[in-house]
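Asks: For the sequence shown, position 197 (counting from the first letter as 1) is numbered 235 according to my numbering, and the numbering increases by one without interruption.
Note that CB positions come from ideal geometry on N, CA and C, so glycine has one too.
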Amino acid sequence: MENDCVSCHCPLDRILDAVFDTRFGIGIPYVISKCKNCNLEQTTPFPSQDDLNSLYDKYYNFGGERNTRYTQLRAKFINSFLYRVWLAIDGDISFHRVSGTGKLLDVGCNEGRSLDFFRSHGFSAEGLELNSKAAEVARSKGFTVYGSTLEGFATEKKYDIVVLSNVLEHSLNPGAMLEHIHWLLNPGGQVWISCPNSRSWLRSAFGRYWINWHVPFHVVHFSANTLRQMLQKSQFEVVRMRQETPALWVAHSVIARLFAKPGQPTKQLRSAALVASLILLIRGFFFPLLWLGNLSKRGDCLVVVARKS
Ligand SMILES: [Zn+2]
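Here it is, written out as structure tokens:
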């Protein structure tokens with residue numbers, strides 16, 4: 039079935055065939071298509087929301103990975119002083135270093151890892167999380183967490199900040215998501231977005247194995263231009279946009295290139311020893327490359343602050 043652009047409903051051109059899930063082993067090939075009108079890149083055919091929901095249940099978060107060595111080491115690292123140093127070196131794509139005040143909503147807050155940072159940095163932080171087990175963990179830390187989709191989330195109170203950290207690219211209707219956020223915000227409120235950059239040099243280097251295709255979960259693939267366009271269409275004004283290239287993402291692309299096969303889960307992505315060694319190697323020896331990529335606007339991740347206008 040052919041799809042139209044999720045943003046402007048114009049026809050799409052196929053630009054990359056046979057893209058496959060390099061993480062979980064979902065054995066369906068997808069195509070990356072580009073809108074002939076607005077240039078927005080998209081994964082086609084679009085999965086239905088029902089298909090996506092069952093894939094999330096099966097593969098994401100609590101779909102089997104809990105208290106593994108990998109997740110335990112990750113939690114330990116994030117709670118350590120070393121993590122703060124690391125953010126300063128590697129780049130902060132989750133807004134974990136930002137301080138301020140105001141009422142903040144973290145969309146897809148999971149177990150509340152980011153909420154911890156937001157609260158300790160001065161914000162009054164709440165979350166949205168569909169996964170009931172993850173939401174329960176966040177609530178046990180004292181956070182208010184709503185078990186609703188963003189589109190279905192209606193509230194009397196408005197927010198000063200809504201955070202979409204690696205969320206927008208998962209949406210089947212990102213324009214509607216931004217419009218709803220616009221409605222949730224106080225006048226002058228901000229949306230903080232991070233998402234992969236479809237103009238990344240790593241996409242060119244790794245082709246179908248680029249970890250951020252992440253089909254079929256990543257439905258939309260933004261560049262700085264197409265994200266800016268969509269924000270403007272939803273009545274937001276970009277305040278700041280920068281690029282980062284997390285060593286973890288580069289390590290994941292390297293592992294996918296070396297080990298991923300269609301229809302097979304890539305277990306090496308969850309090898310703490312392999313991932314940590316690659317991260318240190320990449321950050322230690324290839325840092326000029328990562329830095330140049332960001333400087334030439336071809337970094338792997340877009341980090342954006344936009345204001346409700
Ligand atoms: Zn379009």
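Look at the Cβ atom of T81, then the Cβ atom of A298, and state whether they are nearer than 8 Å.
Replies: A distance of 8 Å or more separates the beta carbons of T81 and A298.
Asks: Let me check understanding here. Comparing Cα to Cα, which of S291, N332, G213, N211 lies closest to M279?
Replies: Ranking the options by Cα distance to M279, first place goes to N332.
Asks: Taking the beta strand (DSSP E) that V341 falls in, what are its first and last residues?
Replies: 339-346
Asks: Which residues neighbour ligand 1 when neighbourhood means a C-beta less than 6 Å away from any of its non-hydrogen atoms? List them by chain order.
Replies: C43, S45, C46, C48, C73, N75, C76, L78
Asks: Per DSSP, A163 forms a beta bridge with which residues?
Replies: L142
Asks: How would you write the range of the alpha helix (DSSP H) that A285 sits in, first residue to last?
Replies: 285-297
Asks: List in chain order: all unbroken alpha helix (DSSP H) runs of 4+ residues lying wholly within the stretch 140-221.
Replies: If one requires a minimum length of 4 residues, the alpha helix (DSSP H) runs lying completely within the stretch 140-221 are 151-158, 170-177, in chain order.
Asks: Sorted by chain position, which residues of the same chain lie with C-beta nearer than 7 Å to S272's C-beta, five sequence neighbours on each side aside?
Replies: G213, L216, E217, H220
Asks: Our contact map puts Q270 next to V343 with C-beta atoms below 8 Å; I'd like the distance itself, whole angstroms only.
Replies: The Cβ separation is near 14 Å, so there is no contact.
Asks: Please report how far the alpha carbon of I116 lies from the alpha carbon of V200, in whole angstroms.
Replies: 22 Å
Asks: By alpha-carbon positions, which one of L318, G160, P83 ends up nearest to V57?
Replies: P83
Asks: Scan the stretch 53-89 and note each continuous beta strand (DSSP E) run of 3 residues or more that stays entirely inside, going in chain order.
Replies: List check, beta strand (DSSP E) in window: 68-73, 79-82.
Asks: Is it buried or exposed, D128, if we count other Cβ atoms within 10 angstroms and call 16 or more buried?
Replies: The residue in question, D128, is buried, as its Cβ has 16 or more Cβ neighbours within 10 Å.
Asks: Mapping the DSSP letters down to three states, classify V123 as helix, strand or coil.
Replies: It is helical.
Asks: So, helix, strand or coil for Q110, using DSSP?
Replies: helix
Asks: How many Å lie between Q110 and L307 at the Cα?
Replies: 15 Å
Asks: Assess contact between the stretch 153-166 and the stretch 222-240, defined as three or more Cβ pairs (one per stretch) separated by less than 8 Å. Is contact present?
Replies: Counting Cβ pairs under 8 Å, fewer than three are found: no touch.
Asks: Report the residue from Q281, A314, F274 whose alpha carbon sits nearest the alpha carbon of I293.
Replies: A314
Asks: Is it right to say N148 is buried, meaning 16 or more other beta carbons lie within 10 angstroms of its own, or is it exposed?
Replies: buried
Asks: With a 10 Å radius around its C-beta and 16 neighbouring C-beta atoms as the bar for buried, classify G102 as buried or exposed.
Replies: Note that G102 scores 47 on pLDDT, short of 50, meaning its location in the model is unreliable and no value can be drawn from it.
Asks: From what residue to what residue does the alpha helix (DSSP H) around N332 run?
Replies: 325-333
Asks: Only counting the same chain, and skipping five residues up and downstream in sequence, which positions put a Cβ closer than 6 Å to that of V348?
Replies: As displayed, the chain neither begins before 39 nor continues past 347, which places residue 348 out of reach and without an answer.
Asks: Does the separation of the CB atoms of N235 and C339 fall below 8 Å?
Replies: Yes, Cβ-Cβ distance for N235 and C339 is below 8 Å.
Asks: In the DSSP output, which residue or residues are listed as bridge partners for I231?
Replies: L202, V342
Asks: With distances taken between CB atoms, is the gap from H208 to H256 smaller than 8 Å?
Replies: yes
Asks: Where does N169 land, buried or exposed, given buried means 16+ other C-beta within 10 angstroms?
Replies: buried
Asks: Looking only at C-alpha atoms, which of H47, D51, S45, G63 sits nearest to P300?
Replies: G63
Asks: Note down the Cα distance separating R345 from W239, rounded to an integer number of angstroms.
Replies: Straight-line Cα distance between these residues: approximately 28 Å.
Asks: Buried or exposed for K305, going by 16 or more other Cβ atoms inside 10 Å?
Replies: exposed
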